[in-house]
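Colleague:
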Amino acid sequence: MKEQTIKCPQCGQIIELNQALSSQISFEIEEKLRLEFNQRFKDEIGKREEKIKKEKDEEIHVLVKDLREQLNHKSDKLKDAQQKELDFLKRQRELEDREHAFKLEMERKLTEERSKIRSDVSMKLSEEHRMKDAEKEKQINDLRRQIEELNRKAELGSQQSQGEVMELELENVLRQTFRHDNIEPVPKGVKGADVMQHVYSKSGQLCGTILWESKRTKNWSDGWIQKLKDDQREVKASIAVIVSAVLPKDVSYIGNNEGIWITDFSTAMGLAAVLRTNIIEIAQTQNSMMGRNEKKDLLYNYLSSQVFRQRIEAIVESFKAMNDDLESEKRAMYKIWEKRKKQIDRVIQNTSEMHGELEGIMGNALPPVQMLELPLDDIDNNSDDEYTT
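Counting with the working numbering, you get residues 1414 to 1802 for the letters of the sequence shown.
#1: Grouping DSSP H, G and I as helix and E and B as strand, with all else coil, what is Gly-1672?
#2: If you run the structure through DSSP and keep just helix, strand and coil, what is Gln-1423?
#3: Find out if the Cβ-Cβ distance for the pair Ile-1623, Gln-1639 is shorter than 9 Å.
#4: For the alpha helix (DSSP H) holding Leu-1641, just list the boundary residues, first then last.
#5: Given a cut-off of 9 Å, decide if Val-1654 and Thr-1676 are closer than it, judged by their beta-carbon atoms.
#6: Should Ala-1606 go down as buried or exposed, given a rule of 16 or more other Cβ atoms within 10 Å for buried?
#7: Roughly how many whole angstroms lie between the Cα atoms of Ser-1535 and Pro-1661?
#8: Using the C-alpha atoms, what's the distance from Val-1612 back to Leu-1688?
#9: Go through its chain and collect everything with a Cβ distance to Ser-1651's Cβ below 6 Å, but skip five positions before and after it.
#10: As a quick exercise: from Gln-1589, Glu-1526 and His-1593, pick the residue whose alpha carbon is nearest that of Asp-1555.
#11: Looking only at C-alpha atoms, which of Ile-1667, Trp-1674 and Pro-1598 sits nearest to Ser-1731?
#12: Could you tell me which of Ala-1745, Lys-1649 and Ser-1679 sits nearest to Pro-1600, measuring between CA atoms?
#13: If we ignore side chains and look at the alpha-carbon of each, how far apart do Glu-1443 and Gln-1483 end up?
#14: In whole angstroms, what is the alpha-carbon distance linking His-1474 and Ile-1465?
#15: Using only the alpha-carbon positions, how far apart do Lys-1615 and Lys-1503 sit?
#16: List the whole-angstrom C-beta distance separating Val-1586 from Met-1519, where the pair is believed to meet the contact cut-off of C-beta under 8 Å.
#17: Taking the alpha carbon of Leu-1684 as the reference point, which residue from Thr-1698, Leu-1619, Val-1656 and Asp-1738 has its own alpha carbon closest?
#18: Which of the three DSSP states, helix, strand or coil, is assigned to Lys-1628?
#19: Determine the DSSP secondary structure at Leu-1660, reduced to helix, strand or coil.
#20: Give the secondary structure of Ala-1653 by DSSP, where H, G and I count as helix, E and B as strand, and everything else as coil.
#21: Am I right that Leu-1803 and Val-1608 are in contact with their C-beta atoms under 8 Å? What's the rounded C-beta distance?
#22: Please classify Ser-1634 as buried or exposed, where buried requires at least 16 other C-beta atoms within 10 Å of its C-beta.
#23: By DSSP, does Tyr-1613 sit in helix, in strand, or in coil?
#24: Could you give the distance in angstroms between the alpha-carbon of Phe-1454 and the alpha-carbon of Glu-1471?
#25: When the Cα atoms are used, what is the spatial distance from Lys-1529 to Glu-1498?
#26: Note down the Cα distance separating Arg-1531 from Met-1579, rounded to an integer number of angstroms.
#27: Determine, using beta carbons only, whether Lys-1628 and Trp-1637 come nearer to each other than 9 Å.
#28: Once you ignore the five residues that flank Pro-1422 on each side, which residues in its own chain have a CB closer than 6 Å to its CB?
#29: Does the beta-carbon distance from Glu-1358 to Asn-1669 come in below 9 Å?
#30: With distances taken Cα to Cα, identify the nearest neighbour of Phe-1678 among Leu-1523, Trp-1625 and Ala-1696.
#31: Please classify Ile-1438 as buried or exposed, where buried requires at least 16 neighbouring CB atoms within 10 angstroms.
#32: Would DSSP call Val-1599 helix, strand or coil?
#33: What number of angstroms, rounded off, separates the C-alpha of Glu-1647 from the C-alpha of Thr-1698?
#34: Excluding the 5 residues flanking Lys-1445 on each side, which residues of the same chain have their C-beta closer than 8 Å to its C-beta?
#35: Are the CB atoms of Thr-1680 and Val-1729 within a distance shorter than 9 Å?
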């Protein structure tokens, strides 16, 4: 086996090595190289781990920073939303408070207005209550005759007869309600309309004409509108009104269709009063504006406008409500009057009987009572009146 040699690096001499020494040196060199390699590997691994850790730390830092920014942004949005919700609730509460205050104020005004109306009506009824007994009896008798007349007319069987009754009743009520006006049937040839109301002012000036047509049928017909408009042009009436037992679906108490007023019998007189007042005011305005055609055109446009119709409806509705309250209170007062009259009659009757019994016992020694010494004819007449009542 060939001997291994090494060369001295100092002197250059060749030195022979045996196998054991060579193996030991090789082992030491390999061990040293292995240790150096392991150390370098470990150092490289540490550097790489440090670099990776640093990169991860930077990524985590960026991610945390981004998450914090998102959290802060969402927190700001949440605060804004909460503030907006708070402002909304505050405004809503303010609106509710205002609405509640407005309702309270309107209720207070309505209560005051009702109290005023009741006070006025009560005062008027108190004044009427102090009227003479003769006037009260006359009113009761007039009401009794009117009721009997209405009952008699209600017994008419045919629809034509009922229509004639309604026409006559409308004419009579208009004549009794508006004594200054001239109420007359329509001229012959005007087949649809029934009554003409010539409106006069307090000074006796003819201001205009209201043409009335009464309908007592089971169904409403739109054809009545055009026919009454033709009749209105023929008689040259200022306003035309249909009083019908059955109204169109879109009309409750009063309405206006193509310039024709529509109402039922219960609100007819209220509508008549408002229309009559407006006719007089228009006539007076026209007299004061002679030669002013432009203002007349404006006035005509106003009378045919939606605003004028709504004002008329509002006035008539208020009139009807007040009239219904007045009628209710009037019926209550009549009931009280009848009750008191019967109480007074019982007192007078018992007093008369007691006076008669004492007179039978004491004879002429009992002083006469003039009110109880009425002639026999007067007593019979009073008895007949009571039976009639």
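The C-beta atom is built at its ideal place from N, Cα and C for all residues, glycine as well. Just so you know, these numbers come straight off a predicted model, no measurement behind them.
Modeller: Based on what the coordinates show:
#1: Start at 1 with the first residue of the sequence shown, and residue 1672 comes out as number 259. Gly-1672 falls in the coil class under three-state DSSP.
#2: In the sequence shown, counting from the first residue as 1, residue 1423 sits at position 10. Gln-1423: coil per DSSP, three-state reduction.
#3: Counting from one through the sequence shown, the residue named residue 1623 turns up at place 210. Counting from one through the sequence shown, the residue named residue 1639 turns up at place 226. No. Outside cutoff.
#4: Within the sequence shown, numbered from 1, the residue matching residue 1641 stands at position 228. Run containing Leu-1641: 1636 to 1648, per the alpha helix (DSSP H) assignment.
#5: Numbered from 1 along the sequence shown, position 263 holds the residue referred to as residue 1676. Numbered from 1 along the sequence shown, position 241 holds the residue referred to as residue 1654. Yes.
#6: Along the sequence shown, read from residue 1 onward, the residue named residue 1606 stands at position 193. Buried, since its Cβ has 16 or more Cβ neighbours within 10 Å.
#7: Indexing the sequence shown from 1 puts residue 1535 at position 122. Indexing the sequence shown from 1 puts residue 1661 at position 248. Between Ser-1535 and Pro-1661, the C-alpha separation is close to 37 Å.
#8: Numbered from its first residue, the sequence shown carries residue 1688 at position 275. Numbered from its first residue, the sequence shown carries residue 1612 at position 199. Going from the Cα of Leu-1688 to the Cα of Val-1612 covers about 10 Å.
#9: The sequence position of residue 1651 within the sequence shown is 238, counting from 1. Result list for Ser-1651: Gly-1621, Thr-1622 and Ile-1692, in chain order.
#10: Reading the sequence shown from its first residue, position 142 is the one you call residue 1555. The shortest C-alpha separation from Asp-1555 is found at Gln-1589.
#11: Taking the first residue of the sequence shown as position 1, residue 1731 is located at position 318. For Ser-1731, the nearest C-alpha among the options comes from Ile-1667.
#12: One-based indexing of the sequence shown puts residue 1600 at position 187. Nearest of Ala-1745, Lys-1649 and Ser-1679 to Pro-1600, Cα basis: Lys-1649.
#13: Walking along the sequence shown from the start, residue 1443 turns up at place 30. Walking along the sequence shown from the start, residue 1483 turns up at place 70. About 58 Å.
#14: The residue labelled residue 1474 in the question sits at position 61 within the sequence shown. The residue labelled residue 1465 in the question sits at position 52 within the sequence shown. Taking the straight line from one Cα to the other gives about 14 Å.
#15: Here the question's residue 1615 lines up with position 202 in the sequence shown. Here the question's residue 1503 lines up with position 90 in the sequence shown. Each residue's Cα considered, the two are about 60 Å apart.
#16: Walking along the sequence shown from the start, residue 1586 turns up at place 173. Walking along the sequence shown from the start, residue 1519 turns up at place 106. That belief does not hold up - the Cβ atoms of Val-1586 and Met-1519 are roughly 36 Å apart, past 8 Å.
#17: As a first step, residue 1684 is located in the sequence shown; it is residue number 271 there, counting from the start. When each option's Cα is compared against that of Leu-1684, the closest is Val-1656.
#18: Mapped onto the sequence shown, residue 1628 falls at position 215. Looking at Lys-1628 - three-state DSSP - the assignment turns out to be strand.
#19: In the sequence shown, the residue the question calls residue 1660 occupies position 247. Three-state DSSP puts Leu-1660 in coil, outside helix and strand.
#20: As a working note, residue 1653 is residue 240 in the sequence shown. DSSP places Ala-1653 in strand when its eight states are reduced to three.
#21: Missing from the structure shown is residue 1803; the chain here goes from 1414 to 1802 and no further.
#22: On the sequence shown, residue 1634 is found 221 positions in, with the first residue counted as 1. Its Cβ having fewer than 16 others within 10 Å, Ser-1634 is exposed.
#23: One-based indexing of the sequence shown puts residue 1613 at position 200. Correct three-state label for Tyr-1613: strand.
#24: Locating residue 1454 in the sequence shown gives position 41, where the first residue counts as 1. Locating residue 1471 in the sequence shown gives position 58, where the first residue counts as 1. Taking the straight line joining both Cα atoms gives about 25 Å.
#25: The residue labelled residue 1529 in the question sits at position 116 within the sequence shown. The residue labelled residue 1498 in the question sits at position 85 within the sequence shown. Their Cα atoms are separated by approximately 46 Å.
#26: Within the sequence shown, numbered from 1, the residue matching residue 1531 stands at position 118. Within the sequence shown, numbered from 1, the residue matching residue 1579 stands at position 166. Between Arg-1531 and Met-1579, the C-alpha separation is close to 32 Å.
#27: As a position in the sequence shown, residue 1628 is number 215, starting the count at 1. As a position in the sequence shown, residue 1637 is number 224, starting the count at 1. Yes, they are a contact pair.
#28: Indexing the sequence shown from 1 puts residue 1422 at position 9. Here the set comprises nothing.
#29: As displayed, the chain neither begins before 1414 nor continues past 1802, which places residue 1358 out of reach and without an answer.
#30: Taking the sequence shown and counting its residues from 1, the one referred to as residue 1678 is at position 265. When each option's Cα is compared against that of Phe-1678, the closest is Trp-1625.
#31: Locating residue 1438 in the sequence shown gives position 25, counting from the first residue. Exposed: under 16 other Cβ atoms inside 10 Å.
#32: The sequence position of residue 1599 within the sequence shown is 186, counting from 1. Looking at Val-1599 - three-state DSSP - the assignment turns out to be coil, as it is neither helix nor strand.
#33: Here residue 1647 refers to the residue found at position 234 when the sequence shown is read from its first residue. Here residue 1698 refers to the residue found at position 285 when the sequence shown is read from its first residue. Cα to Cα, Glu-1647 sits roughly 25 Å from Thr-1698.
#34: Taking the sequence shown and counting its residues from 1, one reaches residue 1445 at position 32. So no residue of the chain qualifies.
#35: On the sequence shown, position 316 is the one that residue 1729 refers to. On the sequence shown, position 267 is the one that residue 1680 refers to. Yes; because the gap between Cβ atoms is below 9 Å, this pair is in contact.
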